[in-house]
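Numbering (the numbering used here), first residue to last: 39 to 519.
By construction, the Cβ of each residue, glycine as well, lies at the ideal position given by its N, Cα and C atoms.
What you are looking at is a predicted structure, and each value in this text was computed from that prediction instead of being measured.
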């Protein structure tokens, strides 16, 4: 049983009520269609036959293109299109859907993945995004005699050492990626407040200094040195280039990771009885009722170079305002930014807000169950930091008092409602572990399988960066700045 029910997740963060959070639910929601190219190699034909068998053994019906097509010849929204082979422009699967937002298209190829274990994160991102744009698909599957590999838009790569897909691999790895689509925040999902982030304040200067120290400490870490421009991609036509631009909400490129600084939030203690405006949270077998505050977060804008930040250009504010029991997100762009600078919210916006909201809920609960805890007072005075990158820390790098969670979650991508739900629910589970152990809670380390890591807690961005990049010292960076 989840600590927060689906109705509350919907009200707080806009997560759809029918969002599947476990793999059995994901299998039940999946509606794939097999749409092969005019000519398939024997290897691809055999692979796809095995894939269909594996899916059907999981209770997933795979339709033919004829069965899945409507009267207009298009596939209905929500259909996952398995597109093996090499297509001419006029037969691309994108031509048979109404929008890239409503259908996941999977390109399946008889060739090795264009990356190796020696590929840098930048090479990996370039290869994946380039092929996605070329063939107008969301997910890539590469098939050889010895293995098959899944590549996703967020740079996730997973290889299976079998020539045909096994049921367990399809269930635990492929299905979650086909269920949860990578989609950037849409304009209608948050209020855009252009020029309302004031960059001349003392608060902003303090926050910016932390970001700059953090950025410098990450400057030589290949896990964050990744940015692929949409301008240099090999599109089949101007028409398809426009579709990609629209899908990415006119972003100039794709990049990995984010830094975020949650601003101070004074929370009220959780109660043991229900009341208006209180959120029910199940913890250690009991129900607590938690006040839900407004939250503010300064974070890096989408597509900026995290290792070379310009604070007055690259930082934006996002937040969550509660109104009539519903959460409404907003985005504030910096004052004085030229119209040419496109300030877009991170693909991870919902996850960032979920973590920030979770921090406030944790603080409220600790005020009631452990009044001597330092986390609530620290959150009220200094806020909290969040660092996300597409790699995983060594256990020796984990901060004291930070609790690990998420390792066994289905491997969904960023920007999915599942990712946000796992962030919030996992944080409550991490708190529960701390309470059961009688140890201090200072933050959490959220592992996202086949994706990356979120480290969230009372350490500053620079302090967190120093733990993960120990080759540089904070004192040296401070002197350089």
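Close Cβ partners of residue i (< 6 Å) along its chain, the five nearest in sequence each way excluded
| i | result |
| --- | --- |
| residue 260 | 158 and 159 |
| residue 478 | 439 |
| residue 309 | 327 |
| residue 120 | 70, 72 and 144 |
| residue 232 | 371 |
| residue 411 | 404 |
| residue 385 | 222, 452 and 453 |
| residue 201 | 183 |
Pairwise C-alpha distance: residue j and residue i
| i | j | result |
| --- | --- | --- |
| residue 215 | residue 133 | 22 Å |
| residue 365 | residue 40 | 20 Å |
| residue 79 | residue 185 | 16 Å |
| residue 235 | residue 351 | 11 Å |
| residue 327 | residue 105 | 49 Å |
| residue 383 | residue 84 | 42 Å |
| residue 53 | residue 226 | 14 Å |
| residue 118 | residue 221 | 15 Å |
| residue 240 | residue 355 | 15 Å |
| residue 390 | residue 298 | 8 Å |
| residue 322 | residue 470 | 7 Å |
| residue 517 | residue 374 | Note that residue 517 scores 37 on pLDDT, short of 50, meaning its location in the model is unreliable and no value can be drawn from it. |
| residue 256 | residue 294 | 13 Å |
| residue 122 | residue 146 | 4 Å |
| residue 223 | residue 358 | 14 Å |
| residue 270 | residue 282 | 13 Å |
| residue 345 | residue 262 | 7 Å |
| residue 441 | residue 433 | 11 Å |
| residue 33 | residue 506 | Outside the shown range of the chain (39 to 519) lies residue 33, about which nothing can therefore be said. |
| residue 114 | residue 137 | 10 Å |
| residue 320 | residue 109 | 48 Å |
| residue 237 | residue 313 | 39 Å |
| residue 514 | residue 258 | For residue 514, the predicted model reports a pLDDT of 39, less than 50, meaning its position is unreliable; a value from the coordinates is still stated below. Roughly 15 Å separates the two Cα atoms. |
| residue 422 | residue 333 | 11 Å |
| residue 148 | residue 156 | 22 Å |
| residue 139 | residue 112 | 14 Å |
| residue 519 | residue 342 | Residue confidence for residue 519 is low, a pLDDT of 31 falling below 50, so the modelled location carries little weight; the figure read from the coordinates is stated next. The straight-line gap from Cα to Cα measures roughly 20 Å. |
| residue 426 | residue 77 | 42 Å |
| residue 62 | residue 353 | 39 Å |
Candidates the options: closest to residue i by CA position
| i | options | result |
| --- | --- | --- |
| residue 190 | 204, 206, 171 and 202 | 171 |
| residue 296 | 437, 441, 155 and 502 | 502 |
| residue 49 | 330, 243 and 222 | 330 |
| residue 60 | 480, 455 and 493 | 455 |
| residue 230 | 370, 129 and 499 | 370 |
| residue 195 | 507, 483, 482 and 450 | 450 |
| residue 142 | 300, 219 and 358 | 219 |
| residue 492 | 429, 474 and 345 | 429 |
| residue 253 | 338, 441 and 120 | 338 |
| residue 129 | 362, 361 and 274 | 274 |
| residue 539 | 461, 243 and 507 | The chain is shown only over 39 to 519; residue 539 falls outside these bounds and no answer can be derived. |
| residue 166 | 138, 266 and 247 | 266 |
| residue 481 | 459, 487 and 436 | 436 |
| residue 485 | 349, 182, 360 and 457 | 457 |
| residue 360 | 98, 395 and 475 | 395 |
| residue 475 | 487, 408 and 426 | 408 |
| residue 199 | 150, 243 and 173 | 150 |
Assumed close pair residue i, residue j - CB separation to whole angstroms, cut-off 8 Å
| i | j | result |
| --- | --- | --- |
| residue 58 | residue 100 | No, residue 58 and residue 100 are not in contact; Cβ-Cβ is about 18 Å, not under 8 Å. |
| residue 300 | residue 447 | Contact doesn't hold; Cβ gap of about 22 Å is too wide. |
| residue 250 | residue 347 | 6 Å |
| residue 496 | residue 416 | 5 Å |
| residue 135 | residue 175 | Not really, about 11 Å apart at Cβ, beyond 8 Å. |
| residue 245 | residue 336 | 5 Å |
| residue 489 | residue 467 | That pair is no contact at about 18 Å. |
| residue 228 | residue 367 | 4 Å |
| residue 463 | residue 42 | 6 Å |
| residue 556 | residue 388 | Because residue 556 is not part of the residues shown, which for the chain are 39 to 519, the question remains open. |
| residue 499 | residue 248 | 5 Å |
| residue 188 | residue 179 | 6 Å |
| residue 325 | residue 318 | 6 Å |
Close Cβ partners of residue i (< 8 Å) along its chain, the five nearest in sequence each way excluded
| i | result |
| --- | --- |
| residue 208 | 89, 92, 93 and 96 |
| residue 45 | 55 |
| residue 414 | 305, 401, 402, 404 and 405 |
| residue 205 | 92, 95 and 96 |
Neighbourhood of residue i by C-beta distance below 7 Å, restricted to the same chain and skipping five residues each side
| i | result |
| --- | --- |
| residue 64 | 58, 213, 214, 217 and 448 |
| residue 419 | 302 |
| residue 162 | 153, 193 and 195 |
| residue 168 | 271 and 272 |
is_contact[residue i, chain D] using C-beta, thresh 8 Å
| i | result |
| --- | --- |
| residue 458 | This model lacks chain D altogether; it includes just one protein chain. |
Every unbroken alpha helix (DSSP H) within the stretch 79-130, with a cutoff of 4 residues, ordered by chain: 80-95 and 103-106
Complete runs of the alpha helix (DSSP H) confined to the stretch 223-302 [at least 4 residues]: 240-255 and 276-285
Those runs of the alpha helix (DSSP H) which lie wholly inside the stretch 298-377 and span at least 4 residues: 349-352
Every unbroken beta strand (DSSP E) within the stretch 424-466, with a cutoff of 3 residues, ordered by chain: 440-443
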